[in-house]
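Participant: Sharing a structure here in structure tokens format.
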Amino acid sequence: HISQEVLKTNGVKDAMAMIGFDLFTSSLKENAAAMFIGLQDWKDRNVSADEIAMELNKKFAFDRNASSIFIGLPPIPGLSITGGFEMYVQNKSGKSYDEIQKDVNKLVAVANQRKELSRVRTTLDTTFPQYKLIIDRDKLKHYNLNMQDVFNTMNATIGTYYVNDFSMLGKNFQVNIRAKGDFRNTQDALKNIFVRSNDGKMIPLDSFLTLQRSSGPDDVKRFNLFPAAQVQGQPAPGYTSGQAIEAIAQVAKETLGDDYSIAWSGSAYQEVSSKGTASYAFALGMIFVFLILAAQYERWLIPLAVVTAVPFAVFGSFLLVYLRGFSNDIYFQTGLLLLIGLSAKNAILIVEFAMEERFKKGKGVFEAAVAAAKLRFRPIIMTSLAFTFGVLPMIFATGAGSASRHSLGTGLIGGMIAASTLAIFFVPLFFYLLENFNEWLDKKRGKVHE
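To get this note's numbering, take the position in the sequence shown, counting from 1, and add 12.
Dropping the structure here:
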């Protein structure tokens, strides 16, 4: 039923279902299935993968036959199974899985009410139907049976029992035995499974073993050696993965007690571990630009006039990205590193000419700053326009990977426009102020400018 409805959806090309496989836990389950949906080529559809997933989630939200969730592929294959974030709630006080389930369900309910989060869920399910095997040890002793023999027999029939290995076609294979399905699917199968006692008699299992219906977790998780429940989710539209991670961490802090802790896995772990490294990269970029210019000009203050152009570029980049509703993602941050060099390049043109006008032609500080701004205005505007028009197609990109180009192109254009229109006026001003301050310091130290 679900496959037929999926194939009717706009933009879907084909679908393959795997019955009995739980994608979220990568385990085999009788009450689960995974479906991989192939989409039409970009030129043949007018909807994105996220829009198709959203439409399918709405279509099956109230389906009474099954609980379905449709998500996109992870951005980095291998670091995650379903994309979004993966968090483990670790219990450190020895609570049962039923108690952990109750606390985690409360966390999931609160998390799904947060605007930053979407489709938050847990893979822990303690309501899975099970049978509890109860062994009458008095009867076991009466029949002169060994407990290990009972367990080995049950493993070899109901479960699987390893025998040995064999080689074939240059590879090694295991030999595992178990009873056929017809001989282990019902409770009556216990009558047909016998254990050899120490005195050589064959005793049926139902003589000393009974089955009791119960429920429990079908997939027991441990993380960092602690009993744990896995929590998965995605950021809501318009929010970044970093904002989603901060939101779910805050919810966990508010809803869970002191006997719980959280840990991250997959791409969320990598993101949390590398948090703040972008700021270090920007700071190092600024420091290297300053040191190189200080060595070139043999002055410590004049390079600051060049560095002051960078904040204008960063401001314009953030402003345009905000106006277009994009997030501060890795592509935008890569563009910021590029803007440091581009904005500094334009500022260097102004400062370089101002230095020549000041020291080679003997003009005053104010006249040198004004002359440099006039002389370099046209070249800066022309190169900035050429760069802007070259990046413009990234804003209107379509097809696979267009989201990354939108974020990168928007940040670059916003930063370049601000660096060209604002810095062209403020860089000469900062040169004038810093050079006057530098001359004042030289006079205090007794130095004389030629």
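Every residue, glycine too, gets a C-beta built ideally from N, C-alpha and C.
In chain order, what residues of the same chain have a beta carbon less than 7 Å from the beta carbon of Q186, not counting five sequence neighbours either side?
Facilitator: Answer for Q186: Y174 and D177, listed in chain order.
Participant: Rounded to the nearest angstrom, what separates S15 and S253 at their Cα positions?
Facilitator: Those two C-alpha atoms are separated by around 30 Å.
Participant: Have a look at R57 and G23 and give me their C-alpha separation to the nearest angstrom.
Facilitator: Rounded to whole angstroms, R57 to G23 spans 5 Å at the Cα level.
Participant: Tell me the DSSP secondary structure of L332 in three-state form.
Facilitator: Residue state, collapsed to three classes: helix.
Participant: With distances taken between CB atoms, is the gap from V318 to I360 smaller than 7 Å?
Facilitator: Cβ atoms of V318 and I360: closer than 7 Å.
Participant: Enumerate in chain order the residues of its own chain whose CB-to-CB distance from V322 is below 7 Å, with the five nearest sequence positions on each side excluded.
Facilitator: Counting only Cβ-Cβ distances below 7 Å, and skipping sequence neighbours, we find M298, I352, S355 and A356.
Participant: What is the C-beta distance between E17 and K71, in whole angstroms, given that I count them as a contact (C-beta under 8 Å)?
Facilitator: Confirmed, Cβ separation roughly 7 Å.
Participant: G50 lies in the alpha helix (DSSP H); which residues open and close that run?
Facilitator: That residue, G50, is in no alpha helix (DSSP H); its beta strand (DSSP E) goes S39 to L51.
Participant: What are the partner residues of G212, as DSSP defines its beta bridges?
Facilitator: Looking at the DSSP assignment, G212 forms no beta bridge with any residue, so it has no partner.
Participant: Is the beta carbon of F220 sitting closer than 7 Å to the one on D148?
Facilitator: Cβ atoms of F220 and D148: closer than 7 Å.
Participant: Give me the Cα-Cα distance between G95 and A280, rounded to the nearest whole angstrom.
Facilitator: Each residue's Cα considered, the two are about 9 Å apart.
Participant: Assuming the contact rule is C-beta atoms closer than 8 Å, A366 and P440 should be a hit. Round their C-beta distance to whole Å, please.
Facilitator: Right, the Cβ-Cβ distance comes to about 7 Å (below 8 Å), so this counts as a contact.
Participant: Determine the burial state of E462: buried for a count of at least 16 other Cβ atoms within 10 Å of its Cβ, exposed for fewer.
Facilitator: Confidence in E462 is poor, its pLDDT being 48 and thus under 50, which makes the residue's placement too unreliable to answer from.
Participant: Can you name the start and end residues of the alpha helix (DSSP H) that N358 belongs to?
Facilitator: That run of the alpha helix (DSSP H) goes I342 to F371.
Participant: State the beta-bridge partners of L129 as determined by DSSP.
Facilitator: According to DSSP, L129 bridges with P247.
Participant: By Cβ distance below 6 Å, which residues in the same chain neighbour G423 in space, the five residues on each side in sequence not counted?
Facilitator: These residues qualify, in order along the chain: S329, V333, F344 and G347.
Participant: Could you check which residue in T400, M66, L129 and K104 has the C-alpha nearest to that of F97?
Facilitator: Cα-wise, what sits closest to F97 is L129.
Participant: Just checking my contact of E364 with A380 at CB under 8 Å: how many whole Å lie between their CB atoms?
Facilitator: That pair is no contact at about 11 Å.
Participant: Cα-Cα, which of G250, L223 and D161 is closest to K213?
Facilitator: Considering only alpha carbons, the answer is D161.
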